[in-house]
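Numbering of the sequence shown is given in my numbering, commencing with residue 3 and proceeding in unit increments. Just below is one structure, and these are the notes that go with it.
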Amino acid sequence: MIVPQHPIRLPCGSRTLDLAHPHVMGILNVTPDSFSDGGRFAARDAALRHAAEMVAVGATLIDVGGESTRPGARPVSPTEELERVAPVVETIAAELDVIISLDTSTPAVMREGARLGAGMINDVRALRREGALEAAAETGLAVCLMHMLGEPGTMQQSPRYEDVVAEVGNFLAQRLSVCTVAGIPPERVVLDPGFGFAKTLAHNLSLFRRLEALHEFGRPLLVGVSRKSMIGQALGREVDERLPGSLALAALAVAKGACILRVHDVAETVDAVRMIAAVQAAE
Ligand code: 7PJ
């Protein structure tokens, strides 16, 4: 087991995440294809219900996303993204005891989401969109910086690395220092290697095997591998058959010192994490 050396608390707006033990972040997609067409209130209520279920089984963060990063997904305007995300953030903040993470690259969503009660900004573009650094700094929230080459639509075309671990590490270190200059201190930053983003199966597996290398920066690590195609490719499994693979990687990530697991299957992942904790607590 790896014991990473970073401070034990992550300030997330009005809340604090205790990093003495790993946390499970439940994924809440609020794209139109993820909730049926029953209208805006029905979508909001369905999102709240799903979030409440995840919190009930142990999620301590909910990652709310209104922009699909799937290759080929239609781009959404900031207004459209805000219309999807804002009512859901507002409702969860009012109803549930949980840290809300905004899965967004859009400055307007960061600002409005923060005002409505979010605690973290989770940006797959690591604050590279115009105005995103300034917006994230203004909010004072925690920030997750994720590695990706290029843009979601084209990233899988031909990803190439000499040394994927070194290059992901260099990218994250560079974004960490850009954040510091912009007024986002390292104490508020979480790092994420971005599994599945501009990476082949071989890249993803190497990166996972050497995940510990990313502790060099002294910041908590977030890992998102739930149901991803790296599991499908390694095991020959369709998306609805990837729970065992997802749980294996979640447990391995915890053993390698990851602090936050971003997952679809919260109850199962929480059990895996609790089982590891039970072993660690033994004499
Ligand atoms: C990730 C994410 C991830 C972070 C997505 C999917 C694709 N944010 N958003 N890390 N993945 N921080 O869930 O399959 O790995 S969307």
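Idealized CB from N, CA, C, for every residue including glycine.
Start and end residues, alpha helix (DSSP H) containing Ser208: Position 206 of the sequence shown, counted from the first residue, corresponds to residue 208. Here the alpha helix (DSSP H) through Ser208 covers Leu203 to Arg211.
The ligand 7PJ heavy atom lying under 7 Å from the CB of Asn172: Locating residue 172 in the sequence shown gives position 170, counting from the first residue. Answer for Asn172: no, Cβ out of range of the ligand 7PJ.
Reduced DSSP category for Gly226 - H, G, I as helix; E, B as strand; rest coil: In the sequence shown, residue 226 corresponds to position 224, counting from 1. For Gly226, the three-state secondary structure derived from DSSP is coil.
Where the alpha helix (DSSP H) through Pro89 begins and ends: Counting from 1 along the sequence shown, the entry for residue 89 is found at position 87. Element bounds for Pro89: Pro80 to Glu97.
Closer than 7 Å: Leu129 CB and nearest the ligand ATP heavy atom: As presented, the structure is devoid of the ligand ATP, carrying the ligand 7PJ as its sole ligands.
Identity of the residues DSSP links to His25 by a beta bridge: In the sequence shown, counting from the first residue as 1, residue 25 sits at position 23. Note: His25 sits in a beta bridge opposite Ile262.
Burial state of Gly209 (16 or more Cβ within 10 Å): Translated into positions along the sequence shown, residue 209 becomes position 207. Note that residue 209 is Leu in the sequence shown, not Gly. Result: buried.
Heavy atom of the ligand 7PJ within 7 Å of Thr202 beta-carbon: Along the sequence shown, one-based indexing puts residue 202 at 200. Of the heavy atoms belonging to the ligand 7PJ, none sits nearer than 7 Å to the Cβ of Thr202.
Cut-off 8 Å between Cβ atoms - residues of its own chain near Leu21, not counting five sequence neighbours on either side: Residue 21 sits at position 19 when you count from the first residue of the sequence shown. If we look at Leu21 and ignore the five residues flanking it on each side, its Cβ neighbours are His8, Pro9, Ile10, Arg11, Leu12, Pro222 and Cys261.
Min CB distance Gln176 to chain C below 8 Å: Reference to chain C is not applicable here, since this structure consists of a single protein chain.
Rounded separation between Val26 and Val166 - CA only: What you label residue 26 is simply residue 24 of the sequence shown in a count that begins at 1. What you label residue 166 is simply residue 164 of the sequence shown in a count that begins at 1. If you draw a straight line from the Cα of Val26 to the Cα of Val166, it comes to about 26 Å.
Contact set for Asn31: own chain, Cβ-Cβ below 7 Å, skip 5 residues either direction: Position 29 of the sequence shown, counting from 1, holds the residue named residue 31. Cβ within range, chain order: Gly67.
CA-to-CA distance, Pro89 to Arg239, given in whole angstroms: Residue 239 sits at position 237 when you count from the first residue of the sequence shown. Residue 89 sits at position 87 when you count from the first residue of the sequence shown. Going from the Cα of Arg239 to the Cα of Pro89 covers about 35 Å.
Spatial distance of Arg190 from Gly60 (CA atoms): Translated into the one-based positions of the sequence shown, residue 190 becomes position 188. Translated into the one-based positions of the sequence shown, residue 60 becomes position 58. Cα-Cα distance, rounded: 23 Å.
Asp267 vs Gly226 beta-carbon contact at 8 Å: Residue 267 sits at position 265 when you count from the first residue of the sequence shown. Residue 226 sits at position 224 when you count from the first residue of the sequence shown. Using a Cβ distance threshold of 8 Å, Asp267 and Gly226 do not count as a contacting pair.
As assigned by DSSP and simplified to three states, the class of Arg113: For the purposes of this step, residue 113 is taken as the residue at position 111 of the sequence shown. Arg113 falls in the helix class under three-state DSSP.
Gly198: CB within 7 Å of a non-hydrogen atom of the ligand 7PJ: The residue given as residue 198 occupies position 196 in the sequence shown. It does: the Cβ of Gly198 is within 7 Å (strictly closer) of some heavy atom of the ligand 7PJ.
Per-residue burial, Glu97 [other beta carbons within 10 Å of its own, 16 or more giving buried]: Along the sequence shown, one-based indexing puts residue 97 at 95. Flag for Glu97 reads exposed.
Length of the line joining the Cα atoms of Ala54 and Arg117: Counted from its first residue, the sequence shown places residue 54 at position 52. Counted from its first residue, the sequence shown places residue 117 at position 115. Approximately 21 Å, taken between the alpha carbons.
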